[in-house]
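So for the sequence shown, the numbering used here puts the first residue at 81; every next one is plus one. Beta carbons: idealized from backbone N, C-alpha and C, even for Gly.
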Amino acid sequence: MKVLVTGDPGGSLVTLFKRVAAVNKSNGPFDMLFCVGSFFCHADSTEDTAKLNAEAQGFVSGGKQAPVPTYFVGSFGSGSTEAMLALSTADTNIHYLGTAGIRTIQGLNVVYLDGMYDEAAYSSDPKDMDSIAGCRHYTEADVNRLKDQIQGASGDVDLLLTCEWPENLLLALQPDSVPKGLNTSGSAPVAEVAALARPRYHFAGTKNTFYARPPYTNPDLGAGTHVTRFIGLAAVGNVAKQKSLHALGLVPAADMDVEALQQKPEQRHCIRTRKDKCNASGTEGYMSVTKV
81 MKVLVTGDPG
91 GSLVTLFKRV
101 AAVNKSNGPF
111 DMLFCVGSFF
121 CHADSTEDTA
131 KLNAEAQGFV
141 SGGKQAPVPT
151 YFVGSFGSGS
161 TEAMLALSTA
171 DTNIHYLGTA
181 GIRTIQGLNV
191 VYLDGMYDEA
201 AYSSDPKDMD
211 SIAGCRHYTE
221 ADVNRLKDQI
231 QGASGDVDLL
241 LTCEWPENLL
251 LALQPDSVPK
261 GLNTSGSAPV
271 AEVAALARPR
281 YHFAGTKNTF
291 YARPPYTNPD
301 LGAGTHVTRF
311 IGLAAVGNVA
321 KQKSLHALGL
331 VPAADMDVEA
341 LQQKPEQRHC
351 IRTRKDKCNA
361 SGTEGYMSVT
371 KV
């Protein structure tokens, strides 16, 4: 299976889909496209109800189709209220995943969390996780319900899609492996979801930076260990021309044997989280940092 993942489209859907169509023609066919970060034009919450730009209007109304089936989080930004309403009734191959949840898409187990952390919003009333209205800020109840779904799910998670990077992502990495000037802030709730989901790949946006973290080994919770590869993607059309589109050749975890799923790159060192000493065996509280 061939999959594309992009960072923040930021409302530049013509630019995004033109690039996807070219890649699909030269290196495809690809089965699907996933979008992380802000799908619509970057703006504060007062602009969510603004008029949707003409570039995005054609796609969300169904007048134009994406070159491959497209799934997204990041349902906020200028014109997003109008866009989400249009998408809910349009005959289109662009699909909003939802506030938070787990879906099986063409055999891939996909966990997703839409929205950004906001201290005030986090303690507010929960939203409908299947709401078509979108989600600028997730709540603690949203995150807790997602955790319950993950714990009750069977099989391994292929992809975790979030708008934000997780907290402590760079903990214990060698300084020379981290790009200078990289914004190291992250979301604690996203980190908690990632630790519980133990995805094979975790993609996030919103920092307008491309960064592929050295793979880390998840603790063995009774079904063996495997690595997670985090990839942060830059925004579509970013001035610095950082990588915004990533291609994957994936076999769904459900179709892999245990040995293949647990295969690990060369181990480098591990991250200390709750214990005082590093334990290379991968017991609870540790993540082993690995090298591709």
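Buried or exposed (CB count within 10 angstroms, at least 16 for buried), residue i
i    : result
V331 : exposed
D236 : buried
G178 : buried
R183 : exposed
N189 : buried
V319 : exposed
T129 : exposed
D222 : buried
V316 : buried
D194 : buried
G154 : buried
G143 : exposed
E162 : buried
A219 : Looking at the sequence provided, one finds Thr at residue 219 rather than Ala. Burial call: buried.
K98  : exposed
G232 : exposed
P259 : exposed
A102 : exposed
P255 : exposed
S203 : exposed
S160 : buried
A274 : buried
A200 : exposed
G312 : buried
Integer-rounded CB distance, given that residue j should sit under 8 Å from residue i
i    : j    : result
S118 : T286 : 7 Å
G91  : S158 : 7 Å
F156 : Y176 : With a Cβ gap of about 11 Å, F156 and Y176 do not count as contacting.
G187 : A334 : 6 Å
F110 : L84  : 5 Å
N173 : T150 : 6 Å
Y296 : T308 : 6 Å
D198 : H217 : 4 Å
A284 : V116 : 6 Å
A314 : S324 : 5 Å
V148 : M112 : 6 Å
P279 : V191 : 6 Å
Q342 : T305 : 6 Å
L69  : F310 : Residue coverage of the chain in this structure runs from 81 to 372, which leaves residue 69 outside it and unanswerable.
A123 : S141 : About 20 Å separates the two Cβ atoms, so there is no contact after all.
Those residues which DSSP pairs with residue i across a bridge
i    : result
A180 : L193
M59  : A question about residue 59 goes unanswered here, because the residues of the chain that appear run from 81 up to 372.
T150 : L113, I174
A327 : L84
L188 : I185
S158 : C121
Proximity test, Cβ basis, 8 Å: residue i and chain B
i    : result
V316 : In the displayed structure, chain B is absent; only one protein chain is listed.
Threshold first: 4 residues or longer. Then list the alpha helix (DSSP H) segments lying entirely within the region 268 to 315, N to C.
268 to 277, all fully within the region 268 to 315.
With a cut-off of 8 Å, do at least 3 Cβ pairs link the region 240 to 257 to the region 268 to 283?
yes
Would you check if the region 162 to 181 and the region 131 to 138 touch, i.e. whether three or more CB-CB distances between them fall below 8 Å?
yes
With a floor of 3 residues, list each beta strand (DSSP E) that falls wholly inside the region 213 to 264, ordered by position along the chain.
239 to 242
Under 8 Å, with one C-beta from each stretch per pair, do the region 317 to 337 and the region 255 to 264 reach the 3-pair mark?
no
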